[in-house]
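Note that my numbering has the sequence shown beginning at 859, numbered continuously upward.
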Amino acid sequence: MLRRLRDFSYTLLPVQYRFSRIYKYNRWGSDESRSGDGSTFRSTENLRNLLTEIISDSNVESIVDIACGDFNWMSDVMKDVDIKYLGLDIVPSVIEDNIKSYGSERIDFKVANVIREIPPKADLAVFRDCMLHLSFADGLSALKNIKSSGSPFVLMSTWPSTSKNEDILSGHWRPVDLREPPFSLPEPIRIIKENESGKHAGLWKTSDM
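What follows is the structure, given as structure tokens:
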């Protein structure tokens, strides 16, 4: 009963407020990154290599990183490439900290809510480690907005070993296979295993979404 009341009260909180508290109090518990253990250099080694390859192979000149978090692992990628980068996040304090630490002529950050807003167009959209924190309704809304942005490709996290996706309250966590309902995306055009947790990074054409 108490848990049900707690979950109900949680649904009344704006999504921005939920994620702001997670960031402020480091609820994901990583010593390296307030975005959680999945954003450490160790966890993203394979992903960073893949992203660098995609940038080179596809002549990517601009990236929009949706739910960019604290820019921990992406800062390493941006050291090795000469492209435009825009990081978006729903948490204002994340964006403020990123601008102070990393902002430059080619690296910018803005507050945005992909659940409600269409993100700016770029050669490549990155939407990593976010669908696992969104309810079905919020996740579907986010995918619709990313497709509407006009970015031709999107790189997202997926768990291929997940047999059935479960709905959650946005801000909680569970693995999702983006090929399974209600998302039902086709096979990605490129995919790699990120780490031993079963998480993979998949590249999709937004026109296939």
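Where a beta carbon is used, it is the ideal one built from N, C-alpha and C, also for glycine.
- Exclusion of the five residues before and after S1028 leaves V873, L992, S993 and D996 as the residues of its chain whose Cβ lies within less than 6 Å of its Cβ.
- From the listed residues Y881, F899, L908 and A925, the smallest Cα separation to H1058 is found for L908.
- Collapsing the DSSP output to three states places L908 in a helix.
- DSSP places D955 inside the alpha helix (DSSP H), whose first and last residues are P950 to Y960.
- Here the C-alpha atom of C988 lies approximately 15 Å from the C-alpha atom of E1024.
- Non-local C-beta neighbours of L990 in its own chain, meaning closer than 7 Å and more than five positions away in sequence, comprise S1015, W1031, R1032, P1033 and V1034, ordered along the chain.
- In this structure, the straight-line span from the alpha carbon of K942 to that of I965 is close to 6 Å.
- Comparing alpha-carbon positions, the option among E1045, T910 and W1017 lying closest to S1055 turns out to be W1017.
- In this structure, DSSP gives I921 an extended state, which the three-state scheme calls strand.
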